[in-house]
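In the numbering used here, the protein residues as written are -8 to 302. For each residue, glycine too, the CB sits at the ideal point set by N, CA and C.
This is the structure we're talking about:
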């Protein structure tokens, strides 16, 4: 993939990777711009690990443009911190996505590539910002980008008890955390869920992340998502809960709760991905999951185009 740097309308810098295959003779009439949003402790390269674990394969095969951003505060992208006293990490991420990041990506990549819409592909802690941005888009009278769908994995509403990074209550507050490889690999990609070569990319892929991203799951996302944001999302939604996820319960009750909270969406698909780990895009399931995500994106783009243009 190719690196890019953009200056947003608020003066912030956004960096990331892009893959922009030309529209082939067999390409779909309705092509989305798929936007990858990485989780905590990774950057845009989460979506381009190596020759087998990359969105590039499906992007090229289906002639669907793909961009992966380094979320604010990661690897050259301007941070959202310090936050205002009245805001939170997911709310600010969602606002930046809706106001600045997605409009810029649409103008820079979507329109020039002849795309008719934009679809979000979120992993883990990028999911709250993506859902909140989709809710803001739904209530916007004149949005600056045509959102057609949202996909996410590695996130949900039923946490496994006592999962996630912990902070010693007797120690000074930690602003950022960086996972040691042994711990990170063991929980996010347990042995048997990915090719051994994937572990060799740890140093290149690993980044520090703000602890507030994790803390706001408990204080903001879980108590408020159903009543404030998910209910307003009006685009199709697809999600996958990995059976061996280190953070989220892989249960029917969890799946049903996730499906039920997107009450305004015309289409909600989701389920447990049997055997898969938290980092599904880096696992043996990567190519299958990418195939589903890009296929869903193409369906969203077709539905969007036909509803808007009649064909």
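Mind the definition here: the region 74 to 92 touches the region 108 to 124 only if three or more C-beta pairs lie below 8 Å; say whether that holds. yes
What is the C-beta distance between residue 10 and residue 50, in whole angstroms, given that I count them as a contact (C-beta under 8 Å)? Against the chain shown, residue 10 aligns to sequence position 19. Against the chain shown, residue 50 aligns to sequence position 59. Contact flag correct, Cβ pair sits at about 5 Å.
In DSSP terms, what residue 239 is bridged to: Stepping through the chain shown from its first residue, residue 239 is reached at position 248. Looking at the DSSP assignment, residue 239 forms a beta bridge with 150.
Residue span of the alpha helix (DSSP H) that contains residue 118, given as start and end: Counting from one through the chain shown, the residue named residue 118 turns up at place 127. Note, residue 118: alpha helix (DSSP H), 118 to 130.
Would you mind working out which of -6, 45, 13, 17 sits nearest residue 6, comparing C-alpha positions? As a working note, residue 6 is residue 15 in the chain shown. Measuring from the Cα of residue 6, the nearest candidate turns out to be -6.
If you measure between the beta carbons of residue 129 and residue 259, is that distance less than 9 Å? Walking along the chain shown from the start, residue 129 turns up at place 138. Walking along the chain shown from the start, residue 259 turns up at place 268. No, Cβ-Cβ distance for residue 129 and residue 259 is not below 9 Å.
Compute the beta-carbon to beta-carbon distance between residue 252 and residue 215, rounded to the nearest angstrom, for a pair I have assumed lies under 8 Å. Within the chain shown, the letter at position 261 stands for residue 252. Within the chain shown, the letter at position 224 stands for residue 215. About 11 Å separates the two Cβ atoms, so there is no contact after all.
Which residues does DSSP pair with residue 231 in a beta bridge? As a first step, residue 231 must be located in the chain shown, where it is residue number 240. Note: residue 231 sits in a beta bridge opposite 144, 262.
Strictly by DSSP, which residues pair up with residue 38? For the purposes of this step, residue 38 is taken as residue 47 along the chain shown, with counting starting at 1. Beta-bridge pairing by DSSP links residue 38 to no other residue.
In the DSSP assignment, what are the bridge partners of residue 23? To locate residue 23, count along the chain shown from 1; it is residue 32. DSSP, once it has assigned bridges, lists 108 as partnering residue 23.
Buried or exposed, going by whether 16 or more other CB atoms sit within 10 Å of the CB of residue 0? If you number the chain shown from 1, residue 0 lands on position 9. Exposed, since its Cβ has fewer than 16 Cβ neighbours within 10 Å.
How far does the beta strand (DSSP E) with residue 8 in it reach, from first residue to last? Counting from 1 along the chain shown, the entry for residue 8 is found at position 17. Element bounds for residue 8: 4 to 10.
Report the residue from 137, 67, 64 whose alpha carbon sits nearest the alpha carbon of residue 311. Past the boundaries of the shown model lies residue 311; the chain is included only from -8 to 302, so the question cannot be answered.
Assuming residue 61 contacts residue 68 (C-beta within less than 8 Å), just tell me the rounded distance between them. Walking along the chain shown from the start, residue 61 turns up at place 70. Walking along the chain shown from the start, residue 68 turns up at place 77. At roughly 4 Å, the Cβ-Cβ gap stays under 8 Å, so residue 61 and residue 68 are in contact.
Quick check on residue 23: buried or exposed, where buried means 16 or more other Cβ atoms within 10 Å of its Cβ? Here residue 23 corresponds to residue number 32 of the chain shown, with the count starting at 1. It is buried - the Cβ of residue 23 has at least 16 other Cβ atoms within 10 Å.
Which class does residue 28 belong to by DSSP, given the choice of helix, strand or coil? Along the chain shown, one-based indexing puts residue 28 at 37. It is a strand residue.
Which residue's Cα is closest to the Cα of residue 47: 192, 284, 165? As a position in the chain shown, residue 47 is number 56, starting the count at 1. Among 192, 284, 165, the Cα nearest to that of residue 47 belongs to 284.
Near residue 84, which residues of its chain fall below 6 Å by C-beta distance, leaving aside the five closest residues on each side in sequence? Residue numbering aside, residue 84 sits at position 93 when the chain shown is read from its first letter. Excluding residues within five positions, the ones whose Cβ falls inside 6 Å are 120.
Are the beta-carbon atoms belonging to residue 28 and residue 109 less than 9 Å from one another? On the chain shown, residue 28 is found 37 positions in, with the first residue counted as 1. On the chain shown, residue 109 is found 118 positions in, with the first residue counted as 1. No, they are not a contact pair.
Given 8 Å as the limit, is there contact between the region 139 to 149 and the region 165 to 174, that is, 3 or more CB pairs closer than that? no
Just to confirm, is the Cβ distance from residue 21 to residue 282 under 9 Å? Here residue 21 corresponds to residue number 30 of the chain shown, with the count starting at 1. Here residue 282 corresponds to residue number 291 of the chain shown, with the count starting at 1. Contact flag unset, no.
Would you kindly work out how many angstroms separate the C-alpha atoms of residue 197 and residue 277, rounded to a whole number? Working through the chain shown from its first residue, we reach residue 197 at position 206. Working through the chain shown from its first residue, we reach residue 277 at position 286. Near 19 Å, if we compare the C-alpha coordinates of residue 277 and residue 197.
Delimiting residues of the beta strand (DSSP E) encompassing residue 83: Counted from its first residue, the chain shown places residue 83 at position 92. Premise fails: residue 83 lies in the alpha helix (DSSP H), 80 to 87, not in any beta strand (DSSP E).
With DSSP as the reference, label residue 216 as helix, strand or coil. Your numbering for residue 216 matches position 225 in the chain shown. Assigned with DSSP and collapsed to three states, residue 216 falls in helix.
Using the rule of at least 16 other Cβ atoms within 10 Å of the residue's Cβ for burial, across every protein chain shown, is residue 55 buried or exposed? To locate residue 55, count along the chain shown from 1; it is residue 64. Result: buried.
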